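Beneath this line is the structure, given in structure tokens, with notes to follow.
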Amino acid sequence: MNAVLHLDEQTPHIHATVVPIDAAGKLNCRAMLGDRQKMRSMQTSFAAQLAPLGLQRGVEGSQAQDQEVKRFYGLVKELNPQLEQEAQRQRATRSTSTSSTGWAARSRTCSTWWPTCSAAASG
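Under UniProt numbering, the first residue of the sequence shown carries the number 1, and numbering increases by one thereafter.
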């Protein structure tokens with residue numbers, strides 16, 4: 001397991017990398033993640049736990065397709081010009097704040113905030 005806490009963006013978050021090894025010591029993604037129904041259930045459960053923080057679950061069974069970033073921002077700009085102005089302001093603020101300190105100073109490896117991380121990763 002590897003986890004990195006990012007404090008270099010507006011919303012602190014963690015990137016975690018795990019290897020799905022089962023009790024027999026074999027790679028087994030299905031044991032951890034299951035089938036599509038289990039994944040849907042996990043997504044619903046996750047959204048329910050974070051609902052008090054404003055997270056809304058995606059539309060279950062949606063046939064939505066990924067969009068190119070330029071197309072997405074074009075739609076955003078059409079739908080709400082004020083939102084685009086706010087996004088530009090935040091990008092400008094973020095670029096000035098991130099240039100003054102290095103990335104390494106704003107992120108920590110998991111062992112900094114989770115003392116058993118080294119043991120968990122090696123065990």
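Each residue gets a CB set at the ideal place from its N, CA and C atoms; glycine is no exception. Note that the coordinates shown come from a computational prediction; the quantities given were computed from them, not determined experimentally.
First through last residue of the alpha helix (DSSP H) which encompasses residue i
{"i": "T44", "result": "R36 to L50"}
{"i": "L5", "result": "Here L5 belongs to no alpha helix (DSSP H); instead the beta strand (DSSP E) covers N2 to H6."}
{"i": "G74", "result": "V69 to L79"}
Distance between residue j and residue i (C-alpha atoms, nearest Å)
{"i": "G54", "j": "A47", "result": "9 Å"}
{"i": "N80", "j": "A24", "result": "53 Å"}
{"i": "A31", "j": "Q56", "result": "27 Å"}
{"i": "V76", "j": "K26", "result": "45 Å"}
Where the beta strand (DSSP E) through residue i begins and ends
{"i": "A31", "result": "First-last for A31: C29 to L33, but that is the alpha helix (DSSP H), not the beta strand (DSSP E)."}
{"i": "A16", "result": "H13 to T17"}
Beta-carbon proximity check, residue i vs residue j, cutoff 8 Å
{"i": "R94", "j": "Q43", "result": "no"}
{"i": "L7", "j": "I14", "result": "no"}
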